[in-house]
Structure formats: C-alpha cells, structure tokens
Amino acid sequence: MSSCTYSPKSLADSPLSHRPMVPQLAPPKIPEGERVDFDDIHRKRMEKDLLELQTLIDVHFEQRKKEEEELIGLKERIERRRAERAEQQRVRAEKERHRHTRIAEERQRKEDEEAKKRAEDEAKKKKVLSNMGANFGGFLAKAEQKRGKRLTGREIKRKTLSERHSPLGIENLREDGLRQRAQEMWNWIYQLESEKFDLLDQMKRQKYEIVVLLNRISHAQKL
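Position 199, counted from 1, in the sequence shown is what the numbering used here calls 267; the numbers after and before it change by one each time, with no gaps.
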C-alpha cells in the first residue's frame, strides 16, 4: 500500500480546510454528591408510563365488562319478555279455544233439546190424532145422541164451523165416493187438530215468556 503524503500547500487548498472549526467543549462537571442517575430517571419514567398504560387498560376492560353485562341483561330482558308474550298468546289462544268449544257445545245442547221437544210434540200430536181416529166412530155416535139437546157454547162453536163448511153432498155418492169424502173430512179434522195443537203450544210459550218478563220487572223494581 502506498502512503500518501500531504504537503502544507495541498492541505491549504483542500475543501476540508474551509470547514468551520467546532470548539471542543468539555462536559459539564457535576459536583460531587449531586450526581444524577439517568438510569433511575429512565426506570421511574418507564414505571410511570407502564402504570398509566395499565390504568387505561383496566378502565377499558372495566368499561367493556360493564357494557357486556348490560348487553347480557338486555338480552335476558328481551328473552324474558319474549317468553312472557308467548305465554300470554298461549293462554289467550287456550281461552279462545275453550270459548269456541263451549259455544259449540251450548249450540249443540240447544239443538238437541229443540229436536227432542219437536219429537215429543210430534209424538203427542200423533197420539192425539190416533186417539181421535180410534174414537171417531164413538164421537159420531155421541154427536147423534146429543142431537136435539140444548147446545153448549162449545157445541155452538162447532155448529158454526160446520155451517161455514161446505155441504157434504153425499146423497148421490156411491161407496167409493163416500170413502173419498170421509177421507177428505178426516184430513180436514187432522189439519184442524194440528193447528189447534200448534196454537196451544204457542200459547204456552207466550205465557212462559210473559211470566219471565213479569219476574224481571218485579226484580228490577225491587233494586
């Protein structure tokens, strides 16, 4: 390796010769007994920063824990409210089902009672008409026996009805014609008895309704 030698002239002409000269400063002298422990200062600052950071972390997690607890409580309230609403709907649906069942049963009971009453009325009507048919001959015989006697109010009414009815006109009828006319009379009597039975039944119902209304009026007047 070749060694380079610099002459005073070459040093004077080089760029380094134009740099400002930085004075050589000596570090300040710290008196004895007042020496600063930079390591201790740095350690304390680090401890302070770590403490502040730990405090921030604790506050953050505490706030997050509180928010999570509030969220859990909110979810529990929502689920509880949802369960209560479902239970209310179930109870309401159960009551509605029972109500419909009760209405249907009540309707069926009334229909059965009405059907039973109609059957009983029809049986009574048939029994009356059957008895009337069985005793029809005796009835005619008794009517013949009472002929010429003093007429009662009922007999007057019957006589009036018979007078209103068209004449029998059986003088020139043969046996078949007489049977036909007898059947017509029987049908007419059957119809009258049916109407009479219906009217009596209607009067009974009206009488019952009048009694019920009178009882209600009497009860209302006592209040």
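All C-beta atoms, glycine included, are put in the ideal place defined by N, C-alpha and C.
For residue 124 and residue 138, the gap between their C-alpha atoms comes out near 21 Å. The beta carbons of residue 269 and residue 189 sit about 6 Å from each other, so the pair counts as a contact at 8 Å.
The Cβ-Cβ distance between residue 193 and residue 277 does not fall below 9 Å.
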